[in-house]
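Let me begin by presenting the structure, written as structure tokens, before commenting on it.
Protein chains: 2
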Amino acid sequence: MYRVIQYLKLGEVEMVENVIIIGSGPAGYAAAIYAARNDLDPILIRGLQAGGQLMLTSFVENYPGFESILGPDLMEKMSQHSKKFLSPNKIIDNDVTSVDLNSFPYKVHVEDKVYETYSLIIASGASAKWLGLENEKRLIGKGVSGCAVCDAFFFKNKSVVVVGGGDSAMEDAGYLAKFAKDVIIIHRRDKFRASSIMQDRVFSNPKIKVIWDTVVEDVLGTDHVEGVKLKNVKTGEEKIMPTQGLFIAIGHYPNTDMFKGQLQIDELGYIVTHDSVKTSKEGVFAAGDVQDRRYKQAVIAAGWGAMAAIEATKFLEEKKIVK
Amino acid sequence: MYRVIQYLKLGEVEMVENVIIIGSGPAGYAAAIYAARNDLDPILIRGLQAGGQLMLTSFVENYPGFESILGPDLMEKMSQHSKKFLSPNKIIDNDVTSVDLNSFPYKVHVEDKVYETYSLIIASGASAKWLGLENEKRLIGKGVSGCAVCDAFFFKNKSVVVVGGGDSAMEDAGYLAKFAKDVIIIHRRDKFRASSIMQDRVFSNPKIKVIWDTVVEDVLGTDHVEGVKLKNVKTGEEKIMPTQGLFIAIGHYPNTDMFKGQLQIDELGYIVTHDSVKTSKEGVFAAGDVQDRRYKQAVIAAGWGAMAAIEATKFLEEKKIVK
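Order-wise, the sequence lines are chains A and B.
So for the first sequence, our numbering puts the first residue at 1; every next one is plus one.
So for the second sequence, our numbering puts the first residue at 1001; every next one is plus one.
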């Protein structure tokens, strides 16, 4: 676990970590719990905002074992759970600046500090996508939001628009309907891809209406959102709709920028894995939404995190780095 | 969801299920929760003994979100969780007698009742292995046990032997040491494959000793276990060791007998899967220890269960069986 560096003075050793885990969603915490219990004394780099995407959700009802729990509460439980096994000084609440996977041991930079490690578990997750409109960017925090749970309260008795058609759009609409006067979901297709139970909740909520086959072409307003310009993708018809809030729930992109050129990454930006969690580099594993094009579920991410820690352990044993 | 059968009288319909889930470990419950939340109204066949292998463990400390929970308590939480979404009449506490996967819809027999289903999730798990000795079989329940948690209490202040080298052998030894006078682990190799943390607990427990490179060749005793015959696999040396209990913890075999000849199964009896949970038959999915040669962890099984339900939903949508 320690490697003596030639150019250091006698007696000095530079420490090389067994494993560094990047991320603190379900995959990161699961990996941390498993790696620590396998005596790898891992470093867990949680980032400036620990907890992953579940921090931005309300009730989670599909993580087996918890009938209904607030996303942030579940993540707090996982955080506490990981602290039971991790060394306190090995939890880093800062962002990774860059990684170097072109020489072994690998290097992970966190601001001006460099960590060397024999293996790496990437569980850096995904972030919310935006529409990519100039006025959308300009009005973020002024009526445009990527987080209904964070901001719904500010739209009490106001009219809001949600863009999207997946589970998170349904959840956002339902959550917003508790506060807002009315909620309109704008969806570019004629059908949601959300799960039936989430769709049912939306359709049975009298405060929520849906506009199908429609995209948001522009966001209107100077200091705050005043309306959206809509276009029907089938008829081409355009219209202005007044609204005070615009919530974007059109999906996520994997947080893989710093790995580009160093690992195999697919055309959508996901880390390519084989055997569940192995990447194109030996000793580098990826778990959770950073490599998951298909499922994006907390318990599945946690399962992959556990797998990554088990595979990292096997890798370190095979390399005779740990016994 | 309903298929009218030609030969039935007018107005009669025979119901074909969307999905049947076999098993009630973490994979089965996760599949049930996800399938029910996707509006598939699944049947969950839990078996006569619901709960899977965690029913036979003591503390689980690696299911993310629960720092420390008794195996049976975790399974009770998952059971309650599944009941929140399942139809009460669709939970079947009986064993599957046989399945017929050679015609579609598939058929699942439970005693004299036949269920037809468009898709099937196999989460039937694994069962404890035995040494395969005649006297071992004869003395089961008379000192020979496959479940330390179930039977440890009966060995208060007695000497017991545990056979195995994995996590469950370590756990069994630790659990037995709370009751027994002394515990001897017999392992056929010179190293455990158990995780470090589990090994550490064993090595630091003064009541537990290990005999390496040794196998149990016979079990001695007429009405109850009185000793074991040991053989050192390196030296060939044989000896008799008195003991009052023999706990077998040498692993598990997947419960796949009823699928043999109907699905692709590997040489160790595991269901062969591709894309994580897909079997050799369309619409038939396998999740958890029944297809897992490598990990055998609760959270990983739960992740696979969730995947299987999501894949079953996609399959039923593609086949236009559900919208």
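Even glycine gets a Cβ: it sits at the ideal position worked out from N, Cα and C.
Other residues of its chain near residue i: CB distance less than 7 Å, five sequence neighbours each side excluded
i, result
"Ala173/A", "Val162, Val183, Ile185, Val202 and Ile208"
"Val397/A", "Any question about residue 397/A goes unanswered here, given that chain A covers just 1 to 323."
"Asn38/A", "Ala309 and Thr313"
"Asn1102/B", "Gln1262"
"Lys181/A", "Asn157, Lys158 and Ser159"
"Pro105/A", "Val16, Glu116, Thr117 and Tyr118"
"Tyr1007/B", "Here Tyr1007/B scores only 48 on pLDDT, less than 50, and its place in the model should not be relied on; the value that follows carries that caveat. Within the same chain, Tyr1007/B has no close Cβ partners at all."
"Glu1311/B", "Val1277, Lys1278 and Phe1285"
Backbone secondary structure at residue i - three-state DSSP
i, result
"Lys83/A", "helix"
"Thr117/A", "strand"
"Phe153/A", "helix"
"Tyr2/A", "Any answer about Tyr2/A is weak, because its pLDDT of 48 lies below 50 and its placement is not dependable; what the coordinates show is given next. Of the three classes helix, strand and coil, the one that applies to Tyr2/A here is strand, per DSSP."
"Ala302/A", "helix"
"Leu1008/B", "Its pLDDT being 46, under 50, Leu1008/B is placed unreliably by the model, and nothing is read from it."
"Leu246/A", "strand"
"Tyr1029/B", "helix"
"Lys158/A", "coil"
"Tyr1321/B", "The identity of residue 1321/B in the sequence shown is Ile, whereas the question assumes Tyr. Correct three-state label for Ile1321/B: coil."
"Glu1134/B", "helix"
"Gly227/A", "strand"
"Val96/A", "coil"
"Lys107/A", "strand"
"Leu1176/B", "helix"
"Lys1191/B", "coil"
"Lys1314/B", "helix"
"Lys1296/B", "coil"
"Ala1308/B", "helix"
Paired residues, beta bridge with residue i - DSSP
i, result
"Lys1278/B", "His1274/B and Phe1285/B"
"Ile1022/B", "Ile1045/B and Ile1122/B"
"Ile1185/B", "Val1162/B and Val1210/B"
"Ser1145/B", "Phe1247/B"
"Glu238/A", "Lys231/A"
"Ile1197/B", "DSSP lists no partner for Ile1197/B."
"Leu70/A", "Phe59/A"
"Asp218/A", "Lys229/A"
"Pro1254/B", "Ala1126/B"
"Ile1140/B", "Val1144/B"
"Ile265/A", "Ile271/A"
"Lys260/A", "Leu263/A"
Residues of its chain near residue i, where Cβ-Cβ distance is below 6 Å and the 5 sequence neighbours each way are ignored
i, result
"Glu12/A", "With a pLDDT of only 46 at Glu12/A, under 50, the local geometry of the prediction cannot be trusted, and the value read off the model is given with reservation. No residues qualify anywhere along the chain."
"Ala1152/B", "Tyr1175, Leu1176 and Phe1179"
"Ala1169/B", "Val1162 and Ala1249"
"His1109/B", "Thr1097 and Ser1098"
"Asp1100/B", "Lys1107"
"Gly1146/B", "Ala1128 and Ile1248"
"Asn1089/B", "none"
"Ser82/A", "Tyr29, Ala32 and Ile33"
"Lys1296/B", "Asp1289"
"Ala1194/B", "Gly1166, Asp1167 and Met1170"
Chain-order list of residues whose beta-carbon lies under 8 Å from that of residue i (same chain, five-residue window excluded)
i, result
"Leu230/A", "Ile186, Ile211, Thr214, Val215, Val216, Glu217, Glu238, Lys239, Ile240 and Met241"
"Arg189/A", "Gly165, Trp212 and Asp213"
"Ile271/A", "Ile122, Pro254, Thr256, Phe259, Leu263, Gln264, Ile265, Thr279, Ala286, Val290 and Gln291"
"Asp223/A", "Lys142"
"Ala1126/B", "Gln1053, His1252, Tyr1253, Pro1254, Asn1255, Asp1289, Val1290 and Lys1296"
Task: chain B contacts from the stretch 32–52 of chain A (Cβ-Cβ distance under 7 Å) - done: From the stretch 32–52 of chain A, only Ile33, Tyr34, Arg37, Asn38 and Asp39 have a Cβ closer than 7 Å to chain B.
- [ ] Check whether the stretch 295–310 of chain A touches the stretch 17–35 of chain A, taking contact to mean three or more Cβ pairs, one atom from each stretch, closer than 8 Å.
- [x] For the pair of segments examined, the stretch 295–310 of chain A was found to touch the stretch 17–35 of chain A: the number of CB pairs separated by less than 8 Å reaches three.
- [ ] Indicate whether the contact test is met: 3 or more Cβ pairs, each with one atom in the stretch 72–88 of chain A and one in the stretch 55–63 of chain A, closer than 8 Å.
- [x] Contact annotation: the stretch 72–88 of chain A touches the stretch 55–63 of chain A, with at least three C-beta pairs closer than 8 Å.
TODO: Report yes or no: do three or more beta-carbon pairs, one from the stretch 17–24 of chain A and one from the stretch 41–49 of chain A, lie closer than 8 Å?
DONE: Touching, yes, given that three or more Cβ pairs across the two stretches are closer than 8 Å.
Open item on the list: Give me the subset of the stretch 1079–1094 of chain B whose CB atoms are less than 7 Å from a CB atom of chain A, sorted by chain position.
Closed with: For the stretch 1079–1094 of chain B, the beta-carbon criterion of a distance under 7 Å to any beta-carbon of chain A is satisfied by Gln1080, His1081 and Lys1084.
Open item on the list: What are the residues in the stretch 1056–1068 of chain B lying within 9 Å of chain D by C-beta distance?
Closed with: Here the protein chains are A and B, and chain D is not one of them.
- [ ] Taking only beta carbons into account, state which residues of the stretch 1177–1197 of chain B come closer than 7 Å to chain A, listed in chain order.
- [x] Listed by position, the residues of the stretch 1177–1197 of chain B near chain A (Cβ gap below 7 Å) are Ser1195, Ser1196 and Ile1197.
TODO: Could you list the residues in the stretch 199–217 of chain A with a C-beta less than 8 Å from some C-beta on chain B, going in chain order?
DONE: For the stretch 199–217 of chain A, which is checked against every Cβ of chain B, the residues closer than 8 Å are Asp200.
Task: Residues within the stretch 275–301 of chain A neighbouring chain B, beta-carbon criterion of under 7 Å - done: Residues of the stretch 275–301 of chain A whose Cβ lies closer than 7 Å to any Cβ of chain B, in chain order: Tyr295, Gln297, Val299 and Ile300.
Task: Members of the stretch 1016–1027 of chain B that neighbour chain A once the beta carbon cut-off is set at 7 Å - done: Answer in chain order: Pro1026.
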